[in-house]
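In what follows, a single structure is set out as structure tokens and then discussed.
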Amino acid sequence: MIEAGKTSATATAARLPAARVGIGGPVGSGKTALVERLIPALAARGVDLAVITNDLVTAEDAERIRRSGLIDPARVSAVEAGACPHTVIREDPTLNIEAADELERRFPGVELILLESGGDNLASTFSRDLTDFWMFVIDVGGGGDIPRKRGPGVVRCDLLVINKTDLAPHVGVDLELMHAQALAVRDGRPVLLTNCRSGEGIDAVVAMLESQVLFRA
Amino acid sequence: MLRLHGIVGHETDTSLRAQLHALEHRGAIELLFVPPEEAGRKRFRLISDRGTDCAVSLGRDEELRDGALLHLDRERAIVVRFGRQRLWKLRPADETAALKLGWHAGNLHWRVRFEAGCLVVLIDGPLADYRARLADLLSDGSVTEIAYD
Ligand SMILES: Nc1nc2c(ncn2[C@@H]2O[C@H](COP(=O)(O)OP(=O)(O)OP(=O)(O)O)[C@@H](O)[C@H]2O)c(=O)[nH]1
Ligand SMILES: [Mg+2]
Numbered sequence: 059m060i061e062a063g064k065t066s067a068t069a070t071a072a073r074l075p076a077a078r079v080g081i082g083g084p085v086g087s088g089k090t091a092l093v094e095r096l097i098p099a100l101a102a103r104g105v106d107l108a109v110i111t112n113d114l115v116t117a118e119d120a121e122r123i124r125r126s127g128l129i130d131p132a133r134v135s136a137v138e139a140g141a142c143p144h145t146v147i148r149e150d151p152t153l154n155i156e157a158a159d160e161l162e163r164r165f166p167g168v169e170l171i172l173l174e175s176g177g178d179n180l181a182s183t184f185s186r187d188l189t190d191f192w193m194f195v196i197d198v199g200g201g202g203d204i205p206r207k208r209g210p211g212v213v214r215c216d217l218l219v220i221n222k223t224d225l226a227p228h229v230g231v232d233l234e235l236m237h238a239q240a241l242a243v244r245d246g247r248p249v250l251l252t253n254c255r256s257g258e259g260i261d262a263v264v265a266m267l268e269s270q271v272l273f274r275a
Numbered sequence: 238m239l240r241l242h243g244i245v246g247h248e249t250d251t252s253l254r255a256q257l258h259a260l261e262h263r264g265a266i267e268l269l270f271v272p273p274e275e276a277g278r279k280r281f282r283l284i285s286d287r288g289t290d291c292a293v294s295l296g297r298d299e300e301l302r303d304g305a306l307l308h309l310d311r312e313r314a315i316v317v318r319f320g321r322q323r324l325w326k327l328r329p330a331d332e333t334a335a336l337k338l339g340w341h342a343g344n345l346h347w348r349v350r351f352e353a354g355c356l357v358v359l360i361d362g363p364l365a366d367y368r369a370r371l372a373d374l375l376s377d378g379s380v381t382e383i384a385y386d
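Chains as they are written, first to last, in our numbering: chain A, 59 to 275; chain B, 238 to 386.
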């Protein structure tokens, strides 16, 4: 017979695997900017963190985050896709899985690994083998009609982030309408608005990670 | 929030049969409905049919199956069901029929909710099996099926 409490109390006390959270989205939508906002916000809440970035043939984004001074550079790993970015997050995520396993080995207390995919198109999605939860970042500058195009990234992600809200008046986008249409194509699943320039909306993203992924509240 | 990690068994494990049966009699088996398209997840947070907020994570090499046990102790068991909760709404014709319907549902350990003059059965299994148990009440009009969804 299984002893009382074995599943909850004991297992929770033992080391749990780190949660793995993917961040995908089109080129330049603000994925790295979001990571740079999430790092200090999560650190302030005591979350033990590591980051993986994917770039085509460089470690550009990883270097940018390492230099930011926001996080111990050793906690930032780079994976070069070498091909279309989606190949290493969906078709064959082995390289990223190895990078995440390696971070967990090196930093045994790590609770959360953020994984930024290389900028891709609206069809890119993450494999469930790689991430427990994934967000898709689009931006206002890409056009208010992006959600209506029902890209699999937009529709299937666990959280859709519409970034660069500050640009809406400059590019003629009706933010409220864009938000409503995003919720509609997603059957009401979460959509959050951010301005990674000012940090507006970041708290809501963090709150969602805390409840759905970190199980803190 | 109940924090659960890992799969502890399966509802069909013969070694657990007696323990699960005892829990079932006390109405202490909770079902956690997981949409089939979400079955590949290794981490999720869902509310069980009895209202328990379950925060679940699995080992990287574990695979969720229908019937997987996520929690088992003397108080309760939590079992994974692929799909969504089906509801069967019944209306008794009068007080006598209501008493009979309630008596049956209780004896059969059905999960139920009460809704203005109706009994809503939370279905776990083929509807035909449930209908068969109420065949008499349904055929003589004592109980009417209002909805199944
Ligand atoms: N105005 C404004 N600019 C932003 C915002 N977020 C990011 N940017 C700018 O948008 C540009 C692209 O941001 P990145 O964070 O590099 O975008 P990315 O999605 O990581 O890009 P790739 O990794 O190359 O696909 C940069 O110049 C950012 O400063 C925002 O909320 N508002
Ligand atoms: Mg980037």
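All C-beta atoms, glycine included, are put in the ideal place defined by N, C-alpha and C. Fair warning: this is a prediction, and the values are worked out from it, not measured in the lab.
For the C-beta of residue 296 of chain B, the chain A residues within less than 8 Å are, from N- to C-terminus, 75.
Under the DSSP definition of a beta bridge, residue 347 of chain B lacks any partner. For residue 272 of chain A, there is no enclosing alpha helix (DSSP H), as DSSP gives it neither H nor E. Shown here, residue 129 of chain A sits in coil according to DSSP, grouped into three states, outside any helix or strand. Chain order gives the chain A residues near residue 277 of chain B as 185, 186 and 187, where near means a beta carbon separation below 9 Å. Assignment of residue 294 of chain B by DSSP, reduced to helix, strand and coil, places it in the strand class.
Per DSSP, residue 305 of chain B is not a residue of any alpha helix (DSSP H); the beta strand (DSSP E) it occupies stretches across 305-309.
DSSP places residue 173 of chain A within a strand segment (E or B) once states are collapsed to three. Nearest to residue 283 of chain B by alpha-carbon distance, out of B:261, B:352 and B:322, is B:322. Distance from the CA atom of residue 105 of chain A to the CA atom of residue 167 of chain A, rounded to whole angstroms, is 10 Å.
Counting along the chain, residue 248 of chain A sits inside no beta strand (DSSP E), nor does DSSP assign it H or E at all. With its beta carbon at least 8 Å from every one in chain B, residue 263 of chain A lies outside the interface. In this structure, residue 151 of chain A places its C-beta atom within 8 Å of the C-beta atom of residue 185 of chain A. In terms of side-chain proximity, the C-beta atom of residue 178 of chain A is found no nearer than 7 Å to any non-hydrogen atom of ligand 2. A residue is called buried once 16 or more other Cβ atoms fall within 10 Å of its Cβ, and residue 178 of chain A is buried on that count.
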